[in-house]
Structure formats: C-alpha cells, structure tokens
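Just so you know, the protein sequences line up as chains A and B, in that order.
Number 22 in full-length UniProt numbering belongs to position 22 of the first sequence; there are no gaps in the numbering.
Number 106 in full-length UniProt numbering belongs to position 106 of the second sequence; there are no gaps in the numbering.
Ideal Cβ positions, reconstructed from N, Cα and C, are used throughout, including at glycine.
Keep in mind it's a predicted model, so treat the numbers as computed, not measured.
Contents: one structure, followed by commentary.
Number of protein chains: 2
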Amino acid sequence: MIHTNFTPGPSQLYFTVSDHARQAFKEGIPSISHRSKQFEQISKETTDGLRQLLSIPDNFYIFFTSSATEVWERIIQNLVAEKSFHLINGSFSKRFHEIAIQLNKKAEKLEAKEGEGFTGEISVQDNTELIAVTHNETSTGVVLPIEFINQFKEKNKQALVVVDVVSSMPYPQFDFSKIDSVFFSVQKGFGLPAGLGVWIVNQHCIEKAEALLKKGISIGSYHNIPTLVANAAKNQTPETPNVLGIYLLNKIIQDFLRKGIDTIRRETDYKAAILYHALEQHALLSPFVKDKNAQSKTVIVADCQNHTEKLTKFLLEKGLQPGDGYGSSKKTQLRFANFPAHSKEQYELLVDSLAAFQG
Amino acid sequence: MIHTNFTPGPSQLYFTVSDHARQAFKEGIPSISHRSKQFEQISKETTDGLRQLLSIPDNFYIFFTSSATEVWERIIQNLVAEKSFHLINGSFSKRFHEIAIQLNKKAEKLEAKEGEGFTGEISVQDNTELIAVTHNETSTGVVLPIEFINQFKEKNKQALVVVDVVSSMPYPQFDFSKIDSVFFSVQKGFGLPAGLGVWIVNQHCIEKAEALLKKGISIGSYHNIPTLVANAAKNQTPETPNVLGIYLLNKIIQDFLRKGIDTIRRETDYKAAILYHALEQHALLSPFVKDKNAQSKTVIVADCQNHTEKLTKFLLEKGLQPGDGYGSSKKTQLRFANFPAHSKEQYELLVDSLAAFQG
Numbered sequence: 001m002i003h004t005n006f007t008p009g010p011s012q013l014y015f016t017v018s019d020h021a022r023q024a025f026k027e028g029i030p031s032i033s034h035r036s037k038q039f040e041q042i043s044k045e046t047t048d049g050l051r052q053l054l055s056i057p058d059n060f061y062i063f064f065t066s067s068a069t070e071v072w073e074r075i076i077q078n079l080v081a082e083k084s085f086h087l088i089n090g091s092f093s094k095r096f097h098e099i100a101i102q103l104n105k106k107a108e109k110l111e112a113k114e115g116e117g118f119t120g121e122i123s124v125q126d127n128t129e130l131i132a133v134t135h136n137e138t139s140t141g142v143v144l145p146i147e148f149i150n151q152f153k154e155k156n157k158q159a160l161v162v163v164d165v166v167s168s169m170p171y172p173q174f175d176f177s178k179i180d181s182v183f184f185s186v187q188k189g190f191g192l193p194a195g196l197g198v199w200i201v202n203q204h205c206i207e208k209a210e211a212l213l214k215k216g217i218s219i220g221s222y223h224n225i226p227t228l229v230a231n232a233a234k235n236q237t238p239e240t241p242n243v244l245g246i247y248l249l250n251k252i253i254q255d256f257l258r259k260g261i262d263t264i265r266r267e268t269d270y271k272a273a274i275l276y277h278a279l280e281q282h283a284l285l286s287p288f289v290k291d292k293n294a295q296s297k298t299v300i301v302a303d304c305q306n307h308t309e310k311l312t313k314f315l316l317e318k319g320l321q322p323g324d325g326y327g328s329s330k331k332t333q334l335r336f337a338n339f340p341a342h343s344k345e346q347y348e349l350l351v352d353s354l355a356a357f358q359g
Numbered sequence: 001m002i003h004t005n006f007t008p009g010p011s012q013l014y015f016t017v018s019d020h021a022r023q024a025f026k027e028g029i030p031s032i033s034h035r036s037k038q039f040e041q042i043s044k045e046t047t048d049g050l051r052q053l054l055s056i057p058d059n060f061y062i063f064f065t066s067s068a069t070e071v072w073e074r075i076i077q078n079l080v081a082e083k084s085f086h087l088i089n090g091s092f093s094k095r096f097h098e099i100a101i102q103l104n105k106k107a108e109k110l111e112a113k114e115g116e117g118f119t120g121e122i123s124v125q126d127n128t129e130l131i132a133v134t135h136n137e138t139s140t141g142v143v144l145p146i147e148f149i150n151q152f153k154e155k156n157k158q159a160l161v162v163v164d165v166v167s168s169m170p171y172p173q174f175d176f177s178k179i180d181s182v183f184f185s186v187q188k189g190f191g192l193p194a195g196l197g198v199w200i201v202n203q204h205c206i207e208k209a210e211a212l213l214k215k216g217i218s219i220g221s222y223h224n225i226p227t228l229v230a231n232a233a234k235n236q237t238p239e240t241p242n243v244l245g246i247y248l249l250n251k252i253i254q255d256f257l258r259k260g261i262d263t264i265r266r267e268t269d270y271k272a273a274i275l276y277h278a279l280e281q282h283a284l285l286s287p288f289v290k291d292k293n294a295q296s297k298t299v300i301v302a303d304c305q306n307h308t309e310k311l312t313k314f315l316l317e318k319g320l321q322p323g324d325g326y327g328s329s330k331k332t333q334l335r336f337a338n339f340p341a342h343s344k345e346q347y348e349l350l351v352d353s354l355a356a357f358q359g
C-alpha cells in the first residue's frame with residue numbers, strides 16, 4: 001500500500017483534494033455552464049487567490065490552459081516571429097526548444113552539462129525575441145537561482161523573458177519586474193489531478209502577440225493571447241474548460257493561503273535540507289546535483305547507481321513511492337518531489353528510511 | 001433545487017459519474033503516472049470500449065485532446081495546407097470556419113439559413129483539401145442526415161471529410177468508410193465533467209499530416225498527428241493528460257456498453273419523439289427547426305418567443321433546468337439536451353410540465 005507518492009508529477013495529492021472533489025459533485029459543479037455567473041465567480045476567486053499567494057502584480061493576466069506542455073506551444077506561437085533563445089539544462093527545457101523548432105522558428109540554445117545549471121553572465125543575440133528559461137528542471141533536479149534569471153531583462157530590453165516554473169511553484173518568489181511570463185501545471189506543486197495549466201503574462205506579451213497578428217503571422221486561434229485576454233476580462237475561458245479542475249485549484253489555493261506561503265516555503269526548505277543532508281551522509285547514495293546553488297528544493301534527485309532497484313523496493317515496502325530517474329537515468333537515479341502535499345512527517349520517515357538502507 | 005439539467009453541455013452528469021469519481025480517488029488514480037502500465041491499461045480500455053460502442057473500424061486511431069475546440073485547431077493545422085470548405089449551419093460550424101481563417105487558410109464556406117440544414121448535392125471545388133461538416137449544431141438544433149454527409153467522400157477523393165459530432169455522439173452510427181475523422185467532447189453525450197476531447201482519425205489523415213510536414217509546413221508540436229499516433233501506439237499521450245477524465249470516460253463507456261448502444265439509441269428516439277410532439281401540440285410553443293429531417297434528436301430547440309422567461313421560471317420551479325437559446329436567440333428560444341444522462345422518466349416529466357404550461 002502506497003502511503004506517500006514522491007514521484008514529481010502527477011504526484012501526491014494535497015490531503016484536502018478528495019474532500020473538495022466530493023463537495024464539487026455534491027454542489028453539481030461539473031454540470032455548471034462555463035458561461036454562468038457561478039463559473040465566473042469560481043474563476044475570479046482562483047485568479048485572485050493565486051495573485052495573492054504568489055504576489056503577482058495587477059499588470060499580469062492569468063490564463064487557464066490544458067497543460068504546461070500546451071503553454072510551451074502557445075508561447076512560441078504568440079511571442080516569437082523568428083527567433084527564440086533557450087537555456088537547456090535537462091529534458092524539459094530541451095523539449096521547449098524542440099517545440100520552437102517544430103513551429104518553424106530559429107531557436108538558438110545554450111546547453112548546460114547534465115546535472116549542472118548556469119552561472120555568470122549569459123550573452124544573448126540582439127535580435128532575440130524571447131528568452132526561455134526553465135527555473136526547475138524536473139528531469140535532473142537542477143534549479144536556476146532567481147538572481148541568475150533576473151539578469152536577462154535589463155540587458156535584453158527587446159526580448160521577453162519567460163520562465164517555466166512547472167515543478168517549482170508555489171515555492172519560488174519571483175521579481176515580476178524582471179520577467180514577462182511564467183507557467184505551470186497543477187499536478188505538481190499544487191497537489192491536484194492533472195489536466196490544467198496556468199499561464200501568466202504581462203502587457204508586453206499581449207503587445208507582442210498583437211504585433212505578430214498585425215503582421216499577418218498566425219498566433220493560433222481559441223488560445224491566442226488576445227482571445228485569452230478578452231475572455232479572462234470576463235473571468236471566462238474561450239473553450240469549455242476543465243471546470244472541476246479550476247474549482248479544485250481554487251480550493252487548494254485557499255488552503256495554501258490559510259496555511260500561509262511563508263510556512264509552505266519554510267517547510268519546503270526544511271524538508272529539502274534533511275533530504276540533501278541524508279544523501280550527503282549516506283555511504284551508498286549521494287545528491288546527483290553537486291553544486292549547492294543548483295540543487296532544487298522541490299525536485300531532489302538521488303544518485304543511487306546500482307542500488308537503485310533495491311532501494312526502490314526497500315522504500316515501496318515502507319509505503320514510500322520514489323520517482324524513477326528520468327529517461328536514461330532510470331536505472332541509476334531516484335527523484336523525490338518536495339511539494340506542499342508532502343508533509344514534514346512524511347519527509348522525516350523518508351529520511352529515516354534512507355538512513356536505514358544498507359544496500 | 002435542480003433535479004435535471006437539460007443545458008446542452010456541460011449538461012446533466014450520467015448518474016454513475018460521482019460514484020466513479022469517488023472510486024477514482026479511493027484508488028489513487030489522480031496520482032498515477034501517465035507513463036505507468038496502469039495508465040496505459042486505462043487508456044487502452046477506453047479506446048477499445050469506444051471502438052466497440054461506436055463500431056469504429058481498426059484503421060482509425062483514437063486520440064485524447066483537451067476539448068473539441070482544440071480539435072478544430074488541430075484539424076486545420078494538420079490537414080490543410082491551403083484550402084478548406086465549411087458547411088455552416090449555426091454558431092459552432094461558423095467558429096470552425098473562423099479558426100481556419102485565423103490559421104491563415106483559404107477557408108471557403110456555404111451557409112444555411114438559420115434553423116435550416118442542407119439538402120441535395122453540394123459541389124465542392126477541386127482543390128479543396130478538407131470538407132468540414134457539423135453533424136449536429138448545438139446552437140440551433142439542426143442535424144444533417146448521415147446520408148447527406150456520405151455524399152462527399154465519393155465525389156471528392158482528394159479531400160478529407162471531417163465531422164463535428166460534439167453534441168450528437170454516441171447517438172449516430174456513422175459509415176466510417178465515408179468519413180475520415182470525427183471528434184467530440186465528453187461533457188455532452190457522455191455526461192461527464194468537461195476537460196477532455198476525443199479525436200478519431202484514419203490513415204488518410206495521418207498521411208496528409210506527414211505530407212504537410214515534409215513540405216515544411218508546421219503542423220504544431222505536441223499534438224500534431226504523428227506525435228499523437230506515436231503515443232497512442234503505446235496507449236499514452238504526449239503531455240500529462242486529464243487522467244481522471246480518461247478514467248471516468250472509460251467507466252461511462254463500460255456503463256453504456258452494459259446498457260447497450262441499441263437501447264441508448266432507442267431511448268433517444270423515444271425522448272425526442274415525445275418532446276417534438278409536445279412542442280408541435282402546444283398552443284404557445286413550437287419546434288424551432290421546422291424540417292423534420294433537420295430536427296436534431298440530441299439537442300431540441302423550442303421556439304418560445306415572449307414566453308421564454310416565464311417558461312424558464314415555470315420549469316425551474318419543477319427542478320427542470322432548460323438551456324438558454326444560443327446567442328441572439330437567448331430571449332426567444334430554449335434548448336433541451338437529449339443525452340443518455342437524461343432518463344425517459346425525466347423526459348416524461350419535462351413533457352408533462354410543458355403541456356401544463358399555459359403562459
């Protein structure tokens with residue numbers, strides 16, 4: 001019997017989700033019209049709550065999409081006429097770059113070594129329209145420091161800075177004056193069922209999409225930025241959305257607000273600290289990411305080498321489900337999500353279990 | 001208190017859905033990985049079940065999308081280099097045409113008068129690559145006879161015939177040798193929460209998408225047909241999908257299979273017959289669609305003129321929620337969904353209530 005799922009998404013559900021879902025069915029939420037006042041109210045509460053939770057300024061719009069994968073495509077479609085630049089530090093940032101290629105853009109890239117991030121000043125070509133950064137690489141557990149991300153805006157005024165925060169939100173606090181867009185999906189840090197993405201953009205993104213449209217470049221249809229803006233202004237969506245998903249997101253945001261974002265962040269720090277410490281002390285295991293500045297707080301990757309299979313079995317027997325290593329690291333690494341759904345007690349049990357593992 | 005929601009989507013939930021959802025949470029379904037054997041099994045059962053329910057031949061692929069609105073865009077992206085042709089008989093077929101324009105295609109159209117469908121032979125230009133037909137117009141309650149749709153394939157061998165069945169499935173039985181693609185969303189005839197679309201394509205669609213790609217035309221990224229095919233072959237999806245939605249769709253399909261598609265169709269016919277009869281007999285109301293061949297069985301529109309508001313109130317008092325007329329017909333029409341979730345008893349109560357309405 002699995003008690004705690006440490007897979008980094010879909011991950012452990014936040015402990016209130018199933019009760020909220022039961023309540024949703026009781027209230028008939030899955031049957032309400034997405035053009036009703038009731039839906040508009042739910043939608044407004046969700047975006048207001050998110051704005052409060054993450055200190056998102058008023059000049060940013062919040063859109064609902066079907067997934068973060070969709071947002072990759074919408075960003076390239078809406079914000080790039082010709083040229084994007086991608087910092088690649090794992091499989092997901094790589095996929096974002098590939099999507100730009102698939103949409104026939106000139107997509108430049110800078111790749112970090114596996115398990116490493118970036119440091120120092122990065123020079124970007126003058127004609128770059130978009131700088132794409134993955135804050136937290138779910139595949140490798142590499143995080144980019146926020147100060148590193150903040151360097152781009154000032155030096156590249158012509159470019160929009162977009163940040164993939166899929167597996168880090170709600171942990172990081174961004175300086176929204178230094179970025180133009182962030183996006184995530186709800187099945188990771190928000191502990192919800194998959195099937196909903198959130199895309200946050202500022203006025204510069206809206207202007208860019210409108211400029212492309214004016215030039216006759218197709219920016220997509222129902223989910224292009226102007227259509228999303230027009231609908232968001234009414235607290236609606238262009239299509240019939242995942243209404244139940246939005247309802248549940250609202251409920252979890254309210255739960256997070258009651259708990260307090262500071263508490264959530266402090267607990268995340270604590271849990272990350274004890275897990276990294278356990279890995280560093282362990283005779284057979286170690287953190288995959290060596291540079292402390294690049295060690296993610298929200299997706300922690302353990303280098304387990306030929307102990308991987310045995311450790312997985314050992315943890316499963318205790319009801320702890322580790323995430324497999326990503327791709328080619330499946331047989332040598334394990335990943336541990338550290339989301340608000342993972343309690344301090346569950347992390348303490350995980351750490352004690354790792355300490356007890358003798359190979 | 002609403003007992004029955006006749007709005008044509010999101011509509012009345014099928015009566016088993018909330019129990020299935022409770023079971024899903026109990027089994028931890030919202031936490032499972034979309035790359036797991038367990039997900040592949042759910043996905044396979046869903047597509048196998050749908051194939052059986054709707055007699056979909058083996059040479060058709062079944063994909064999961066986020067909505068039918070998304071499918072409109074994917075169809076144009078993947079299946080049209082330059083020119084599509086749209087039969088427009090209401091607001092949704094009109095929107096499909098507009099999406100083709102937004103994606104910079106030469107989209108031709110033929111428009112029916114409001115509340116009317118099409119009859120006879122339709123001539124299509126030789127260089128048309130796609131013929132888009134909306135089987136059942138959710139806005140007007142106009143259905144196109146299947147024999148009408150079947151005319152296109154034979155006479156236009158160069159073109160793909162795609163059919164929007166958003167508000168008619170699972171009622172109609174198509175001749176899949178006469179069409180290349182159909183699509184729907186689950187919050188209508190399948191009585192499920194919104195947030196999932198189903199797109200069904202044959203080999204000709206796959207070949208067309210591959211041909212566009214070879215020409216250097218972008219066909220999108222994660223949801224282009226080749227990527228969907230490669231993932232569907234493994235019973236997976238390119239992105240993290242609405243796993244809970246797919247699980248619930250599978251459960252409802254199994255429920256429909258147990259009930260039997262013939263019974264579902266027969267009950268649909270019965271319910272439509274008694275409602276149209278009641279409207280025809282009524283002193284103050286009438287069917288909006290006059291031509292019997294164009295009268296939808298699954299979305300029945302009542303012309304209520306200045307009785308609309310009063311009738312709505314009258315029905316709501318009996319716990320019956322009618323759907324508003326669409327767009328500019330909001331003040332003069334009411335729409336009644338006739339989906340498998342609407343029981344014979346509920347329809348009989350609706351019909352008796354209409355008969356009792358004296359204005």
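- By the criterion of at least three beta-carbon pairs nearer than 8 angstroms, the stretch 52-70 of chain B is in contact with the stretch 187-201 of chain B.
- Between the alpha carbons of B/K153 and B/I264 lies a distance of about 28 angstroms.
- Between B/S31 and A/V299, the alpha-carbon positions lie close to 16 angstroms from each other.
- In this model, B/S177 and B/L192 are separated by some 29 angstroms (Cα to Cα).
- Annotation: Cβ neighbours of A/P10 in chain B (cutoff 8 angstroms, chain order): P30, S31, I32, S33, H34, T240, V243.
- Nearest to B/L110 by alpha-carbon distance, out of B/L103, B/E45, B/E98, B/T46, is B/E98.
- Between B/K259 and B/A81 a beta carbon distance of about 43 angstroms is seen, past the 8 angstroms cut, so the two are scored as non-contacting.
- Remark: three or more beta-carbon pairs, one from each stretch, lie closer than 8 angstroms, so the stretch 131-140 of chain B and the stretch 157-167 of chain B are flagged as touching.
- Residue range 60-65 is occupied by the beta strand (DSSP E) that includes A/Y61, with no alpha helix (DSSP H) assigned at that position.
- In terms of Cβ geometry, A/A341 and A/Q12 form a close pair [threshold 7 angstroms].
- Following the DSSP letters along the chain, one finds B/T312 inside the alpha helix (DSSP H) bounded by residues 308-317.
- By the criterion of a C-beta distance shorter than 8 angstroms, B/V124 is surrounded in its chain by F85, I131, F152, K155, N156, A159, once the five residues flanking it on both sides are discounted.
- Residue-level contact by beta carbon holds for A/P193 and chain B, with a gap shorter than 7 angstroms.
- Of all C-beta pairs linking the stretch 49-57 of chain B to the stretch 217-229 of chain B, fewer than three are shorter than 8 angstroms, placing the two stretches out of contact.
- Minimum Cα-Cα distance from B/C205 among the listed residues B/E267, B/T332, B/Q77 corresponds to B/Q77.
- Secondary structure of B/T134 (DSSP, three-state): strand.
- For A/A194, no beta strand (DSSP E) segment is defined, and its DSSP state is neither H nor E.
- Rounded to whole angstroms, the separation of the alpha carbons of A/E27 and A/K113 is 51 angstroms.
- Annotation for B/R335: the continuous beta strand (DSSP E) segment containing it runs 333-337.
- In this structure, B/T46 lies away from B/I261, with their beta-carbon atoms at least 7 angstroms apart.
- Residues of chain B whose Cβ lies closer than 8 angstroms to the Cβ of A/I99 are, in chain order, S221, Y222.
- Take A/L244, set aside five residues on each side of it, and the residues of its chain with a beta-carbon closer than 7 angstroms to its own are A24, I29, P30, in chain order.
- In this structure, A/L285 lies near A/A302, with their beta-carbon atoms less than 7 angstroms apart.
- Taking 7 angstroms as the threshold, the shortest C-beta distance from B/N5 to chain A falls below it.
- Residue state for A/D303 is assigned as strand, using DSSP reduced to three classes.
- For B/I122, there are no C-beta contacts with chain A under 7 angstroms, since the nearest C-beta of that chain is about 25 angstroms from it.
- The beta carbon of A/L103 falls within 7 angstroms of a beta carbon belonging to chain B, placing the residue at that interface.
- When Cβ-Cβ separations below 7 angstroms define contact, B/S218 makes contact with chain A.
- DSSP places B/H86 in the uninterrupted beta strand (DSSP E) bounded by 83-88.
- Nearest neighbour of A/E129 by Cα position, chosen from A/V142, A/E147, A/A107, turns out to be A/A107.
- By the Cβ neighbour-count rule, B/T7 is buried, with 16 or more other Cβ atoms within 10 Å of its own.
- The DSSP-derived three-state label of A/V201 is strand.
- Beta-bridge analysis with DSSP links B/K109 to B/H86.
- For B/T69, the neighbours in chain A by C-beta distance under 8 angstroms run, in chain order, Y222, P238, E239, T240.
- Residue range 181-185 is occupied by the beta strand (DSSP E) that includes A/S185.
- Residue contact check for A/L13 against chain B: a CB pair falls below 7 angstroms.
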